[in-house]
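Written out as structure tokens, the structure is:
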């Protein structure tokens, strides 16, 4: 039997409690992020090479990752500041390009 513990329509996150086959209880968190992927696509389409040249803006928005996936990646790689090489490698992977908001590779 599934029981919904929490639903957040703003982030598309849902937390469920399930009864396992062998009597155990499992808490499952899921998130829909179709709208986020659309926004990422628009941001990537608007990105132009050299648009930061001559400005005082020294940082650029490079990716937008859903909360649930971000938390899983933090467990796997550590925080981005602690392991930037692994994060860059993950973002540069062609399978993860939908999360990048700029052109090219990091």
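In this note's numbering, the protein residues as written are 287 to 392.
Glycine included, each C-beta is placed from N, C-alpha and C at the ideal position.
Taking Cβ positions, are residue i and residue j nearer each other than 8 Å?
{"i": "residue 299", "j": "residue 384", "result": "no"}
Here's a check: name, in chain order, each residue in its chain whose Cβ is nearer than 8 Å to the Cβ of residue i, leaving out the five neighbours to either side.
{"i": "residue 329", "result": "347, 350, 387, 388"}
{"i": "residue 327", "result": "384"}
{"i": "residue 292", "result": "299, 300, 301"}
Which residues share a DSSP beta bridge with residue i?
{"i": "residue 307", "result": "Its beta-bridge partners do not exist; DSSP assigns none."}
{"i": "residue 361", "result": "The partner list for residue 361 (beta bridge, DSSP) is empty, contrary to what the question assumes."}
If residue i sits next to residue j, beta carbons under 8 Å apart, how far is it from one beta carbon to the other, in whole angstroms?
{"i": "residue 312", "j": "residue 301", "result": "At roughly 11 Å, the Cβ-Cβ gap does not stay under 8 Å, so residue 312 and residue 301 are not in contact."}
{"i": "residue 322", "j": "residue 352", "result": "6 Å"}
{"i": "residue 304", "j": "residue 288", "result": "5 Å"}
{"i": "residue 357", "j": "residue 363", "result": "In fact, because the Cβ distance is near 11 Å, the residues do not count as touching under 8 Å."}
Just how far apart, CA to CA, sit residue i and residue j?
{"i": "residue 290", "j": "residue 306", "result": "15 Å"}
{"i": "residue 359", "j": "residue 316", "result": "15 Å"}
{"i": "residue 319", "j": "residue 371", "result": "25 Å"}
{"i": "residue 297", "j": "residue 382", "result": "20 Å"}
{"i": "residue 367", "j": "residue 361", "result": "14 Å"}
{"i": "residue 331", "j": "residue 325", "result": "10 Å"}
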